[in-house]
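Data first, discussion second: the structure below is written as structure tokens.
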Amino acid sequence: MMKRKLPTVKSGLVIMLVLVICSACNNHNKIEKDFTKEYETLSGEYLVLGLVNDTDLTEHGVVYLNSITDNLNIQFANLTDSDTEYILKLFLNYVEIPFFMDGNYMDSYVFTAKSKESLIIPVSLDENISFENSHILTVAVLTYPGKYAYKSEVMSNSYGLVMSYELANKNGGRYLAEKTKAKEPMEYLRLEYQGLMLNMDFATEENVPVNFPPYQIKAKPNDTVNVAYRAGNYENAEDVIIIVLVEWEQKEINNENFLHIVNKTGFMSFGHIEFITPLEKGEYEITAFIVESPYDIKNSDNFHFHDKAHRFTLIVE
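Residue numbers (the working numbering): 770 to 1086.
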């Protein structure tokens, strides 16, 4: 797992730091209920996430399948001291997809994991997905889907785990056929920060602390919201993809499913993200994550968890 730069941020309180561990970073485990024994000697509170099929090994994020409908088993453990509610979302090639679970076709799965509990969540994908070559399946398990940043007044980017796996066809080629082209950002800024920040700071100053977003922003129904992004500064990555969720559903941003931009080592890419607010008045939590080198096939160098933006609340009134 690669080393991360520590962010320099201001204007907020950071929630409890959670050590995240990827079960299957080099996973030779077949499906088993208690897959967390190797972590019992570690101190601290942490979450574990992995993905395996029913029979074969997962190694460095590569899951080999005979068919796109083969069973996929999401390994998740809440090795913290608190019972916590989570929401599961899946993305294929960075577009949110529904999935089958217990015979039901669903867009998401909300569940509670008790403290120190390990879970196996079996899912399968739609048979109509073409599978001549590899796909990237992004698994997101995010915390507290029923809570809002503006009510708790806690500014956090530690709310679960997001990781991408390569679904490789045993009888096909290990390459990605579906690719988009990275665009240049508006500017490159020298900032001591790595990852993703969405906020309302449109000033392009360099070598300054990065602001947290406000706890809440307000807008009218069917209105256009404009937020600033600072993203990237990853080593050995030419590009990144940004995905934004509004109330736990992928939102079209800048008229596309996601934002695919150039990454420049030593710089944060800066630009604007626009999206249309929901038609109904209410509260909507804004979350986002970033994927570096999104179209590289998986290996030991590029398989690790994805950074998330600090969450905040959109109030449509």
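We put the beta carbon where it would ideally sit given N, CA and C, even for glycine. On a predicted model such as this, the values are computed, not experimentally measured, just so you know.
Span of the beta strand (DSSP E), counted from its first residue to its last, around residue i
{"i": "Lys987", "result": "Gln985 to Ala988"}
{"i": "Tyr1053", "result": "Gly1051 to Glu1061"}
{"i": "Thr881", "result": "Tyr878 to Ala882"}
{"i": "Ser1038", "result": "Met1037 to Ile1045"}
{"i": "Glu865", "result": "Val864 to Ile866"}
{"i": "Ile837", "result": "Unbroken run through Ile837: none, as it is neither H nor E."}
{"i": "Leu1048", "result": "Per DSSP, Leu1048 belongs to no beta strand (DSSP E) and is neither H nor E."}
{"i": "Asp1008", "result": "Asp1008 to Val1015"}
{"i": "Tyr874", "result": "Asn873 to Met875"}
{"i": "Phe1081", "result": "Phe1081 to Val1085"}
{"i": "Leu1028", "result": "Leu1028 to Val1031"}
Identified DSSP bridge partners for residue i
{"i": "Gln844", "result": "Gly819 and Ile889"}
{"i": "Thr827", "result": "Val832"}
{"i": "Leu906", "result": "Leu861 and Tyr934"}
{"i": "Tyr855", "result": "Phe880 and Thr912"}
{"i": "Ile1022", "result": "Glu1025"}
{"i": "Glu869", "result": "For the record, residue 869 in the displayed sequence is Phe; it is not Glu. For Phe869, which the question treats as bridged, DSSP gives the partners Tyr874 and Ser893."}
{"i": "Gly1001", "result": "Gly964 and Met1037"}
{"i": "Lys1077", "result": "Phe1058"}
Cβ-based burial, residue i [other Cβ within 10 Å; buried from 16]
{"i": "Ala997", "result": "buried"}
{"i": "Val1060", "result": "buried"}
{"i": "Val817", "result": "buried"}
{"i": "Phe981", "result": "buried"}
{"i": "Glu956", "result": "exposed"}
{"i": "Lys883", "result": "exposed"}
{"i": "Val864", "result": "exposed"}
{"i": "Tyr833", "result": "buried"}
{"i": "Asn873", "result": "exposed"}
{"i": "Asn976", "result": "exposed"}
{"i": "Ser836", "result": "exposed"}
{"i": "His797", "result": "Note that His797 scores a pLDDT of 43, beneath 50, so its modelled location is shaky and nothing firm can be said."}
{"i": "Val1013", "result": "buried"}
{"i": "Thr1082", "result": "buried"}
{"i": "Ala793", "result": "For Ala793, the predicted model reports a pLDDT of 46, less than 50, meaning its position is unreliable; a value from the coordinates is still stated below. Under this definition Ala793 is a buried residue."}
{"i": "Ala946", "result": "exposed"}
{"i": "Ala972", "result": "exposed"}
{"i": "Ser899", "result": "exposed"}
{"i": "Asn940", "result": "exposed"}
{"i": "Pro1090", "result": "There is no way to answer for residue 1090, as the model of the chain reaches only from 770 to 1086."}
{"i": "Gly964", "result": "buried"}
{"i": "Ser851", "result": "exposed"}
Endpoints, the alpha helix (DSSP H) within which residue i is located
{"i": "Ala918", "result": "Ala918 to Ser921"}
Among the options, nearest to residue i - alpha-carbon criterion
{"i": "Ile1010", "options": "Ile890, Ala946 and Arg999", "result": "Arg999"}
{"i": "Pro914", "options": "Ser903, Ile890, Leu816 and Leu857", "result": "Leu857"}
{"i": "Thr838", "options": "Glu935, Asp895 and Tyr874", "result": "Asp895"}
{"i": "Ser921", "options": "Phe1072, Ala1078, Glu1054 and Ser1069", "result": "Glu1054"}
{"i": "Ser893", "options": "Val977, Asn1026, Val821 and Ser1069", "result": "Val821"}
{"i": "Ile1066", "options": "Leu936, Leu911 and Met870", "result": "Leu936"}
{"i": "Asp823", "options": "Ile890, His829, Asn840 and Ser836", "result": "Asn840"}
{"i": "Leu1048", "options": "Thr993, Val879 and Val1031", "result": "Thr993"}
{"i": "Asn1068", "options": "Leu1083, Glu1043, Tyr944 and Ile1042", "result": "Tyr944"}
{"i": "Asn1023", "options": "Asp852, Leu888 and Ile1042", "result": "Ile1042"}
{"i": "Ser927", "options": "Thr1034, Ala972 and Thr1056", "result": "Thr1056"}
{"i": "Glu974", "options": "Phe1027, Ser1038 and Pro891", "result": "Ser1038"}
{"i": "Tyr815", "options": "Leu826, Ala972 and Leu848", "result": "Leu848"}
{"i": "Ala951", "options": "Pro1063, Thr1082 and His1075", "result": "Pro1063"}
{"i": "Val910", "options": "Leu930, Val1013 and Gln844", "result": "Leu930"}
{"i": "Asn1026", "options": "Asn938, Lys989 and Lys948", "result": "Lys948"}
{"i": "Glu1007", "options": "Phe1036, Ile898, Tyr878 and Phe1058", "result": "Phe1036"}
{"i": "Glu1021", "options": "Glu1004, Asn995, Asn1032 and Asn1002", "result": "Asn995"}
{"i": "Gly819", "options": "Phe1072, Val1031 and His1079", "result": "Phe1072"}
Residue i beta carbon near the ligand PLP (any heavy atom closer than 8 angstroms)
{"i": "Asp1065", "result": "With respect to the ligand PLP, the structure offers nothing, as it holds no ligand at all."}
Cβ of residue i within 9 angstroms of any chain B Cβ
{"i": "Tyr878", "result": "Of the protein chains in this structure there is only one, and it is not chain B."}
Could you pull out every unbroken beta strand (DSSP E) segment of at least 3 residues lying fully inside the stretch 914 to 999, listed in chain order? 929 to 938, 942 to 945, 956 to 958, 964 to 968 and 985 to 988
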